[in-house]
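Asks:
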Amino acid sequence: MEIKIGFIGCGGIANAHMNALSKIEGVRFSGMCDVDENRAKTASEKFGGKVYTDYKKMLEEIEIDACYICLPPFAHQGQEELCIEKNIPFLVEKPIHLNKNKAKKIIEKIKEKNLITAVGYQDRYQDIISLIKPFFLEKNLGFLVGWWVGGMPGVYWWRKKELSGGQAIEQTTHIFDMTRYLVGEPVEVFAVKRIGLMKDVENYNIEDASGVSVYYEDGTFGVIFSGCFLKVPGKVGIDFYFKDKVIEYTERQKVKINYGNKIEEIYEKGDLLLKEDSAFIEAVKTKNQSLIKSSYEDAYKTLVFTLSANEAMEKNKVIKVKY
Numbered sequence: 067m068e069i070k071i072g073f074i075g076c077g078g079i080a081n082a083h084m085n086a087l088s089k090i091e092g093v094r095f096s097g098m099c100d101v102d103e104n105r106a107k108t109a110s111e112k113f114g115g116k117v118y119t120d121y122k123k124m125l126e127e128i129e130i131d132a133c134y135i136c137l138p139p140f141a142h143q144g145q146e147e148l149c150i151e152k153n154i155p156f157l158v159e160k161p162i163h164l165n166k167n168k169a170k171k172i173i174e175k176i177k178e179k180n181l182i183t184a185v186g187y188q189d190r191y192q193d194i195i196s197l198i199k200p201f202f203l204e205k206n207l208g209f210l211v212g213w214w215v216g217g218m219p220g221v222y223w224w225r226k227k228e229l230s231g232g233q234a235i236e237q238t239t240h241i242f243d244m245t246r247y248l249v250g251e252p253v254e255v256f257a258v259k260r261i262g263l264m265k266d267v268e269n270y271n272i273e274d275a276s277g278v279s280v281y282y283e284d285g286t287f288g289v290i291f292s293g294c295f296l297k298v299p300g301k302v303g304i305d306f307y308f309k310d311k312v313i314e315y316t317e318r319q320k321v322k323i324n325y326g327n328k329i330e331e332i333y334e335k336g337d338l339l340l341k342e343d344s345a346f347i348e349a350v351k352t353k354n355q356s357l358i359k360s361s362y363e364d365a366y367k368t369l370v371f372t373l374s375a376n377e378a379m380e381k382n383k384v385i386k387v388k389y
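Each residue of the sequence shown is one higher than the one before, starting from 67 at the first, in our numbering.
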């Protein structure tokens, strides 16, 4: 069965998906759309598909079975809604939106059409995460500490709060999401931020660093750190402190499990995006949403989680996480 794919956005993460999809039998690229025509042309020359700069025109002119929406946070301006209107399943990259209310309305439309959706929280598809997930059913986790601390991405929009939402929403979202996936839903957050370290960067108005304290519904608590100011190698991952073990998760690389009397290190293998994209394509073929580990509706909760963290930073008070 052939699955015809269209892309809205042909930047870095889109090309990573294209590379993965090109390895899946039966996938054909039908349309490449980007506001930068050269990016769309480059993608088309490598993978195929008709070139567009207007997503509305692409979705009107060509027939596709699924769409990838790979846009910066600020650029979500009706792409998902039009896919829903045309009954086109879609995978959208994180974060799904910057506007909680608009994202919630998109969920309502998805439910009306019973449409297959996926969101690019590819870390959920790791074999090392499947390995450690059963440990969380034991309910003896004390607390966690998460990090996404490193340098600043080079794209212009990332350093503007109104365009990216800031680091917690755009980047550390993977860490926030993983705590939801493994531990459960957050109940409330409190946050602090650090500014003043990035005075050498023009057109920059996001926080340089932040620390978000989280209280989860099962009584677990944690702190999640973000930082984009480092000039040296940083740290990305989560440490989980259980009653009988400590798990150190290094994002997309490995888990180290310390049982006290022995230590295990298990490394992630294989192409992570290929795992995520294969699940999405199979879900589209079989109309089986259960194959997807992060639907639009579920990713909305991670968006609210990170938006709540931002609100706590700005208001300097505890914020209830309300979906």
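Don't be surprised by glycine CBs; every beta carbon is placed ideally from N, CA and C.
Please return the same chain residues whose Cβ sits closer than 7 angstroms to the Cβ of I53, not counting the five positions on each side in sequence.
Replies: The structure shown does not extend to residue 53, since the chain spans only 67 to 389, so no value can be given for it.
Asks: In three-state DSSP terms, what is G250?
Replies: Of the three classes helix, strand and coil, the one that applies to G250 here is coil, per DSSP.
Asks: Give the DSSP bridge partners of D305, in chain order.
Replies: V211, E314
Asks: Who are the near neighbours of V298 in its chain, counting only those whose CB is closer than 6 angstroms to its CB and skipping five residues on each side?
Replies: none
Asks: Using DSSP bridges, identify the partner residues of T183.
Replies: F156
Asks: Is the Cβ-Cβ distance between V395 and I194 less than 8 angstroms?
Replies: What the structure shows of the chain is the stretch from 67 to 389, and residue 395 is not part of that stretch, so it cannot be assessed.
Asks: Among the candidates G208, K199, R225, whose CA atom is the shortest distance from the CA of K309?
Replies: Residue G208 is the option with its Cα nearest to K309.
Asks: Does DSSP put M264 in a helix, a strand or coil?
Replies: coil
Asks: In terms of residues, what are the limits of the beta strand (DSSP E) holding S292?
Replies: Here the beta strand (DSSP E) through S292 covers 287-293.
Asks: Give the straight-line distance between the Cα atoms of A86 and P161, rounded to the nearest whole angstrom.
Replies: 20 angstroms
Asks: If you draw a straight line from the alpha carbon of G217 to that of R225, how long is it in whole angstroms?
Replies: 12 angstroms
Asks: Applying the criterion that 16 or more other CB atoms from any shown protein chain within 10 Å of the CB defines a buried residue, is E380 buried or exposed?
Replies: exposed
Asks: Which residues in the same chain have their Cβ closer than 6 angstroms to the Cβ of K259, if we skip the five residues on either side of it in sequence?
Replies: Only E273, S276, M379 meet the Cβ criterion.
Asks: From what residue to what residue does the alpha helix (DSSP H) around M84 run?
Replies: Unbroken alpha helix (DSSP H) run through M84: 78-87.
Asks: Please return the same chain residues whose Cβ sits closer than 6 angstroms to the Cβ of F140, not counting the five positions on each side in sequence.
Replies: Within the same chain, F140 has close Cβ partners L229.
Asks: Taking a contact to mean a Cβ-Cβ separation below 8 angstroms, would you say R246 touches K367 in this structure?
Replies: yes
Asks: Rank G336, A234, K359 by C-alpha distance to the C-alpha of L50 and give the top, closest one.
Replies: Here the chain comprises residues numbered 67 to 389, so residue 50 is not present and cannot be evaluated.
Asks: Tell me the residue span of the alpha helix (DSSP H) that contains S361.
Replies: Segment: none, S361 is in no alpha helix (DSSP H) and carries neither H nor E.
Asks: Report buried or exposed for L181, applying the criterion of at least 16 other Cβ atoms within 10 angstroms of its Cβ.
Replies: buried
Asks: Going by DSSP, what residue range makes up the beta strand (DSSP E) through F202?
Replies: F202 -> no beta strand (DSSP E), and no H or E assigned at all.
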